[in-house]
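**Q**
Protein chains in written order, with this note's numbering: chain A, 112 to 191; chain B, 112 to 191.
(1) What are the residues of the region 137-160 of chain A that lie near chain B, defined by any Cβ-Cβ distance shorter than 7 Å?
(2) Between the Cα of residue 177 (chain A) and those of B:112, B:125, B:131 and B:119, spot the shortest distance and give me the residue it belongs to.
(3) At a CB-CB cut-off below 7 Å, which residues of chain A make contact with residue 175 (chain B)?
(4) With the cut-off set at 8 Å, would you say residue 184 (chain B) and residue 119 (chain B) are in Cβ contact?
(5) In this structure, does DSSP put residue 172 (chain B) in helix, strand or coil?
(6) Any beta-carbon of chain A closer than 8 Å to the one on residue 135 (chain B)?
(7) With a threshold of 16 other CB atoms inside 10 Å of the CB of residue 146 (chain A), please say whether the residue is buried or exposed.
(8) Between residue 132 (chain B) and chain A, is any beta-carbon pair separated by less than 8 Å?
(9) Would you verify that the beta carbon of residue 117 (chain B) is, or is not, closer than 8 Å to some beta carbon of chain A?
(10) For residue 159 (chain B), collect the residues of the same chain with a Cβ closer than 7 Å to its Cβ; drop the 5 residues on either side in sequence, then sort them by chain order.
(11) Can you grab the Cα-Cα spacing for the pair residue 172 (chain B) / residue 121 (chain B), in whole Å?
(12) Could you tell me the distance, in whole angstroms, from the CA atom of residue 137 (chain B) to the CA atom of residue 143 (chain B)?
(13) Just reading off the alpha helix (DSSP H) that residue 132 (chain A) is part of, what are its end residues?
(14) Return helix, strand or coil for residue 113 (chain B), following the three-state DSSP convention.
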């Protein structure tokens, strides 16, 4: 089973990488871009067969290791 | 309108970051993890009102700047 974690900076946390990308996109004349936020995707291939259990374990992994709870939020999605 | 770009390494491209995370998860006794792939999420806030146009423009942005076409694939999703 494949579980996807999407980890983003919390609202209000400054995202310098996003600012830099926004600036670069404007230089390439993508004027419609107003804001850019950058985060991480982590796809986990697990042997678990129950999606509830897989989701719960992925949440544990995010809390223990993969996400910094002070400045990041995360979402868990079961892909397959 | 918010458009999400998910940029992942192509299948077959070595992902050392994923390997390191896999190893760390096993050290925390998450034995069910078999493989880990890491990618980037880029959320774009754009003034475009048509989702087709927003998707097309985000694809252009990915092709011109945000994704490295040699080693990365990307998906575009309209969030709101």
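All residues carry an ideal CB built from backbone N, CA and C; glycine is no exception. Just so you know, these numbers come straight off a predicted model, no measurement behind them.
**A** Considering the structure as presented:
(1) Interface annotation for the region 137-160 of chain A against chain B: 139, 141, 143, 144, 145, 146, 147, 148, 149, 150, 151, 152, 153, 154, 155, 156, 157, 158 and 159, criterion Cβ-Cβ distance under 7 Å.
(2) Residue mapping note: residue 177 (chain A) aligns to position 66 of the first chain, counting from 1. Out of B:112, B:125, B:131 and B:119, the CA that lies nearest to the CA of residue 177 (chain A) is found in B:131.
(3) Stepping through the second chain from its first residue, residue 175 (chain B) is reached at position 64. Against chain A, a Cβ distance below 7 Å from residue 175 (chain B) picks out 139.
(4) As a first step, residue 184 (chain B) is located in the second chain; it is residue number 73 there, counting from the start. As a first step, residue 119 (chain B) is located in the second chain; it is residue number 8 there, counting from the start. Closer than 8 Å, so yes.
(5) Taking the first residue of the second chain as position 1, residue 172 (chain B) is located at position 61. Residue state, collapsed to three classes: helix.
(6) As a first step, residue 135 (chain B) is located in the second chain; it is residue number 24 there, counting from the start. Output row for residue 135 (chain B): interface = yes.
(7) Within the first chain, the letter at position 35 stands for residue 146 (chain A). Under the 10 Å beta carbon count, residue 146 (chain A) is surrounded by fewer than 16 other beta carbons and is classified as exposed.
(8) For the purposes of this step, residue 132 (chain B) is identified with residue 21 of the second chain, where counting begins at 1. Yes, contact with chain A.
(9) For the purposes of this step, residue 117 (chain B) is identified with residue 6 of the second chain, where counting begins at 1. Yes, residue 117 (chain B) lies at the interface with chain A (some Cβ there is under 8 Å from its Cβ).
(10) Translated into positions along the second chain, residue 159 (chain B) becomes position 48. Counting only Cβ-Cβ distances below 7 Å, and skipping sequence neighbours, we find 112, 165 and 168.
(11) Taking the first residue of the second chain as 1, we reach residue 172 (chain B) at position 61. Taking the first residue of the second chain as 1, we reach residue 121 (chain B) at position 10. Taking the CA atoms as reference points, residue 172 (chain B) sits about 18 Å from residue 121 (chain B).
(12) Indexing the second chain from 1 puts residue 137 (chain B) at position 26. Indexing the second chain from 1 puts residue 143 (chain B) at position 32. Going from the Cα of residue 137 (chain B) to the Cα of residue 143 (chain B) covers about 8 Å.
(13) What you label residue 132 (chain A) is simply residue 21 of the first chain in a count that begins at 1. 127-138 is the span of the alpha helix (DSSP H), which, as asked, contains residue 132 (chain A).
(14) The residue labelled residue 113 (chain B) in the question sits at position 2 within the second chain. Of the three classes helix, strand and coil, the one that applies to residue 113 (chain B) here is strand, per DSSP.
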